[in-house]
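When we follow the working numbering, the leftmost residue of the sequence shown carries the number 2, and every step to the right adds one. Down below is the structure, laid out as structure tokens.
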Amino acid sequence: MARKRKKNSSGGIGTIVGVVLLLGIIGSFFGGNDDSAPSSQERPADYKKVTEYDFSANKAIEQSGATSWIFQGKFKPPLILSEPNAFIQSVNKALRAVSLPAISEAVPEREELTGSRVHRGEYLWKGYEKGRLIVQRSLCKDASYEYYDCIWKITIGSRR
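Written out as structure tokens, the structure reads:
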């Protein structure tokens with residue numbers, strides 16, 4: 002009797018995986034970066050970094066009873082972290098935008114005080130005249146697609 006030859010089935014999946022990997026490598030090599038940010042060579046000669054910020058704030062009452070203002074818009078208010086006076090001025094600019102009293106002192110990020118990553122990007126003023134003031138930081142993009150630290154939320158809660 003003639004012996005039947007078995008079909009090799011292990012090459013099917015291996016071949017498909019190999020082809021997918023090869024296409025991925027070729028695609029990343031020729032496709033380049035799909036980033037929508039224009040490079041500095043594509044920007045017009047008169048292109049300037051944003052210095053005026055266009056934002057609005059929506060007021061919300063939290064379940065805890067705290068009042069929050071959430072900043073929305075194209076360019077949220079910047080939070081300057083490089084020096085204490087600039088930090089105070091940038092927070093006060095956001096506070097003025099929602100008609101709240103100014104602060105007079107800088108505070109460290111809550112993460113530094115608590116050691117918890119949960120508090121990253123939060124700044125707390127316990128002695129604020131309206132209650133506990135919490136300013137929350139985020140990372141925003143300006144018109145030149147450059148990242149900057151911005152204020153995305155301000156919360157006034159009860160003193161605890």
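Backbone N, C-alpha and C define an ideal beta-carbon position, used for all residues, glycine too. Nothing here was measured: the structure is a model prediction, and the numbers come from that model.
Tell me whether residue i sits in a helix, a strand or coil according to DSSP, three-state version.
i           : result
residue 46  : Summary for residue 46: the model assigns pLDDT 43, below 50, so the residue's position carries little reliability; its value from the coordinates is reported in the next sentence. Of the three classes helix, strand and coil, the one that applies to residue 46 here is coil, per DSSP.
residue 94  : helix
residue 111 : helix
residue 85  : helix
residue 52  : Summary for residue 52: the model assigns pLDDT 44, below 50, so the residue's position carries little reliability; its value from the coordinates is reported in the next sentence. Coil.
residue 119 : helix
Using the Cα positions of residue i and residue j, report the straight-line distance between them to the nearest angstrom.
i           : j           : result
residue 91  : residue 117 : 25 angstroms
residue 71  : residue 59  : 5 angstroms
residue 75  : residue 115 : 33 angstroms
residue 138 : residue 105 : 19 angstroms
Bridge partners of residue i, per DSSP?
i           : result
residue 59  : 71
residue 158 : 133
residue 139 : 151
residue 124 : 110 and 136
residue 79  : 151
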